[in-house]
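Participant: Quick note, the sequence shown lines up with residues 0 to 491 if you use numbering that gives the first Met the number 0. Ideal Cβ placement from N, Cα and C applies to all residues, glycine included. One structure follows; several queries about it will come next.
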Amino acid sequence: MACGSFMRAAALILVLAVGHAGRAGADQPTRVEAVLEARAAAPLGAGSGAPDGTPAPALLFSMTAPDNAPSVRAMGDANGDAIDDLVVGIDESGTDNLFCVSGASAGTASVLWSLETADGVSGGAPTGEQSLVAASDRDGDGVRDVLLGTGWGGRTAYEIDGADGTIRWRLDTYLESESGWVYSLAELSDVTGDGRGEVAFGVGSDNDSVYSIDGASSGTGFVLWRYPAADAVGSVHAFGDATGDGKDDLVVAVWDSGQQFVALDGASTDPSGTVLWSAGVPGSTAYFASSIPDLTGDGVPEVLGGIWSSGGDAVRCLDGATGGPVWESTDVFDPVMSLKLLGDLTGDGTPEVIVASWDNAVHLLDGADGSRVWRSAVGTANGGDVWTVAAIDDVDGDALPDVVAGSFDTHVYLMSGADGAIRWAYPTANRVFSVDAIGDLDGDGLADVVAGTQDTTSSTVLYALSAGVAGGVIFADGFESGDTSAWTLVVP
0 MACGSFMRAA
10 ALILVLAVGH
20 AGRAGADQPT
30 RVEAVLEARA
40 AAPLGAGSGA
50 PDGTPAPALL
60 FSMTAPDNAP
70 SVRAMGDANG
80 DAIDDLVVGI
90 DESGTDNLFC
100 VSGASAGTAS
110 VLWSLETADG
120 VSGGAPTGEQ
130 SLVAASDRDG
140 DGVRDVLLGT
150 GWGGRTAYEI
160 DGADGTIRWR
170 LDTYLESESG
180 WVYSLAELSD
190 VTGDGRGEVA
200 FGVGSDNDSV
210 YSIDGASSGT
220 GFVLWRYPAA
230 DAVGSVHAFG
240 DATGDGKDDL
250 VVAVWDSGQQ
260 FVALDGASTD
270 PSGTVLWSAG
280 VPGSTAYFAS
290 SIPDLTGDGV
300 PEVLGGIWSS
310 GGDAVRCLDG
320 ATGGPVWEST
330 DVFDPVMSLK
340 LLGDLTGDGT
350 PEVIVASWDN
360 AVHLLDGADG
370 SRVWRSAVGT
380 ANGGDVWTVA
390 AIDDVDGDAL
400 PDVVAGSFDT
410 HVYLMSGADG
420 AIRWAYPTAN
430 RVFSVDAIGD
440 LDGDGLADVV
450 AGTQDTTSST
460 VLYALSAGVA
470 GGVIFADGFE
480 SGDTSAWTLV
490 VP
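Take a look at the structure:
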């Protein structure tokens, strides 16, 4: 095992019991969350960043906030100006912590609406990238809506009107016998016949459950079923119909001692939910759940699992119908944080898989068999973790989709989908926690990029960037040491 991988594996052991102090109503998070909190809050350190001379994109606008921006999501046009808007969650309680921002902003972000999560014992805050979902238009007003989960002293799931920020329903787990952080949410098919899809979410702490909520709820979310998991449920994903009933089913990642992926019947009538299959990952953590179109020919999409493993097999594809193995990666040796699909680049009709992990690189895997398509290294500063990736429509002109990534080396990257070549890198001065592609904001005909970051050396945590490669150039005098204080961005 490489030295970096050994140190990362050791970090998993050393910080399992680390909690988060200083928030009202905040008790110990899950062991996985404790690991992430400790890793993300470590002092910024030395190491390399983007290569000297790498082009940098133009900054369209930015936003300041009192704490980290762990999740940012493009949500389509919310205000009728034909320009995509976005939502960003801020890791702060006792104040507004969810913002809908106009994509037409210039310089300083223009807020369309905002709200404070005020439930639980202290309101809480978004818990991470999976805790914020830009959902479909759930009420038929032409605007996509928002799903949100909170942790700390909030521990509540919300459906929010994307047009004005009104809370339609909430499920405060403090009202249950045991409460828990809400880590991940997903839309499901309509199973009640009212024309509105249901919502599933995963909970940790002492609750350790998956909930299915009637999507037509008002006020308090009506629970259709609640599945009691073996431990914290950190990732929830609707992967298509595995039972033949025409309704979405879901797969969840059970963290900590759970060590498994579990597929659940989305249309279950059992108040405790119905398990379709489970697939264990003994000795590892099942962290992230996703899916890929059918590979086995049975008409059922397959499940993708991101594992905290050091054996090269940190990405696994499971049969969506049975949970049996389809393929395993062989060269992803670090804990996986996120998996996203890219278009088919290999010509086999199957999309490829973008991998974000603690490795200081972005991996692209062949979706058909898990083999490497390319690996693109980022800097080593602060470990160089890549926690967030997204697909973006072709930016570099080769007619292939490209890749956006955010690194702990403090940069947002645009990479060629064809070979992983770095097209540009934007220096934010803080760890990057969340990225997303958004529609054309600056009128150049190309999709653009939004990113949420840590709040340490500055209060700027949201960046909207022009994806076009004709930006400035980073001159990094402190490149070798990782000291970015003297870096300059020159725009022609």
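Under the rule that 16 or more other beta-carbon atoms within 10 Å means buried, what is L363, buried or exposed?
Facilitator: One-based indexing of the sequence shown puts residue 363 at position 364. Per the 10 Å Cβ criterion, buried.
Participant: Kindly list the residues whose CB is nearer than 6 Å to the CB of G44, restricted to its own chain and excluding five residues on each side of it in sequence; keep chain order.
Facilitator: For the purposes of this step, residue 44 is taken as residue 45 along the sequence shown, with counting starting at 1. Same-chain partners within the cutoff: N381.
Participant: Thinking C-alpha only, which one of T379, C316, T29 and D358 is nearest E351?
Facilitator: Numbered from 1 along the sequence shown, position 352 holds the residue referred to as residue 351. Of the listed residues, the one whose Cα sits closest to E351 is C316.
Participant: Compare the Cα-Cα distances from D244 to each of T349, D264 and A288 and report the closest residue.
Facilitator: The sequence position of residue 244 within the sequence shown is 245, counting from 1. Answer by Cα proximity: D264.
Participant: Pick helix, strand or coil for Q259, following the three-state DSSP scheme.
Facilitator: Position 260 of the sequence shown holds residue 259. If DSSP states are grouped into helix, strand and coil, Q259 belongs with the strands.
Participant: Starting from the Cα of N78, find the closest Cα among D95, A389 and V100 and give me that residue.
Facilitator: Along the sequence shown, one-based indexing puts residue 78 at 79. The shortest Cα separation from N78 among D95, A389 and V100 belongs to V100.
Participant: DSSP beta-bridge partners for W373?
Facilitator: Indexing the sequence shown from 1 puts residue 373 at position 374. For W373, which the question treats as bridged, DSSP gives the partners L363.
Participant: Report yes if the CB atom of A229 is closer than 7 Å to the CB atom of G201, and no otherwise.
Facilitator: The residue given as residue 229 occupies position 230 in the sequence shown. The residue given as residue 201 occupies position 202 in the sequence shown. No, the pair does not count as a contact, with Cβ atoms beyond the cut-off.
Participant: Measure the C-alpha to C-alpha separation of T379 and D408 and round it to an integer number of angstroms.
Facilitator: Here residue 379 refers to the residue found at position 380 when the sequence shown is read from its first residue. Here residue 408 refers to the residue found at position 409 when the sequence shown is read from its first residue. Going by the C-alpha atoms only, they are around 6 Å apart.
Participant: Note down, in chain order, each residue of its chain lying with its Cβ closer than 6 Å to the Cβ of G492, except the 5 sequence neighbours on either side.
Facilitator: Residue 492 lies beyond the residue range present for the chain, which begins at 0 and ends at 491; the question has no answer from this structure.
Participant: For the alpha helix (DSSP H) that A40 lies in, which residues bound it at each end?
Facilitator: Taking the first residue of the sequence shown as 1, we reach residue 40 at position 41. Per DSSP, A40 belongs to the alpha helix (DSSP H) from R30 to A40.
Participant: How would you write the range of the beta strand (DSSP E) that A450 sits in, first residue to last?
Facilitator: Within the sequence shown, residue 450 is the residue found at index 451, counting from 1. Taken as a continuous stretch (DSSP letters only), the beta strand (DSSP E) holding A450 covers D447 to T452.
Participant: So, helix, strand or coil for L440, using DSSP?
Facilitator: Residue numbering aside, residue 440 sits at position 441 when the sequence shown is read from its first letter. Reduced to three states, the DSSP call for L440 is coil.
Participant: Taking 7 Å as the threshold (C-beta atoms), are G310 and F287 in contact?
Facilitator: For the purposes of this step, residue 287 is taken as the residue at position 288 of the sequence shown. For the purposes of this step, residue 310 is taken as the residue at position 311 of the sequence shown. In this structure, G310 does not lie closer than 7 Å to F287 by Cβ.
Participant: In angstroms, rounded to a whole number, what distance separates the CA positions of R422 and D395?
Facilitator: Taking the first residue of the sequence shown as position 1, residue 422 is located at position 423. Taking the first residue of the sequence shown as position 1, residue 395 is located at position 396. Rounded to the nearest angstrom, the two C-alpha atoms are 8 Å apart.
Participant: Between the region 180-199 and the region 117-136, do three or more beta carbon pairs fall short of 8 Å?
Facilitator: Output reads yes: the region 117-136 touches the region 180-199.
Participant: Would you tell me roughly how many angstroms separate the C-alpha atoms of T452 and P50, rounded to the nearest one?
Facilitator: The residue you call residue 452 lines up with position 453 of the sequence shown. The residue you call residue 50 lines up with position 51 of the sequence shown. Cα-Cα distance, rounded: 20 Å.
Participant: Does DSSP put E128 in a helix, a strand or coil?
Facilitator: Position 129 of the sequence shown, counting from 1, holds the residue named residue 128. It is helical.
Participant: Tell me whether S370 is buried or exposed, calling it buried when 16 or more other Cβ atoms sit within 10 Å of its Cβ.
Facilitator: For the purposes of this step, residue 370 is taken as residue 371 along the sequence shown, with counting starting at 1. With fewer than 16 Cβ atoms within 10 Å of its Cβ, S370 is classed as exposed.
Participant: Counting pairs of beta carbons, one from the region 287-303 and one from the region 232-240, are three or more of them closer than 8 Å?
Facilitator: Yes: the two stretches touch, three or more of their Cβ pairs being nearer than 8 Å.
Participant: Taking the beta strand (DSSP E) that P227 belongs to, which residues open and close that run?
Facilitator: By one-based count along the sequence shown, residue 227 stands at place 228. Unbroken beta strand (DSSP E) run through P227: V222 to P227.
Participant: By a C-beta neighbour count over all protein chains shown, 10 Å radius and 16 as the cutoff for buried, is G420 buried or exposed?
Facilitator: Taking the first residue of the sequence shown as position 1, residue 420 is located at position 421. Correcting the residue identity first, residue 420 is Ala in this sequence and not Gly. It counts as exposed.
Participant: Identify, in the order they occur along the chain, each residue of the same chain with its Cβ nearer than 8 Å to the Cβ of T29, setting aside the five sequence neighbours on each side.
Facilitator: Residue mapping note: residue 29 aligns to position 30 of the sequence shown, counting from 1. The answer, listed in chain order, is W180, G203, S204, D230, A231, G233, W254 and D255.
Participant: Which residue wins for smallest C-alpha separation from G438, given the options S406, A390 and M414?
Facilitator: Within the sequence shown, numbered from 1, the residue matching residue 438 stands at position 439. With distances taken between Cα atoms, G438 lies closest to A390.
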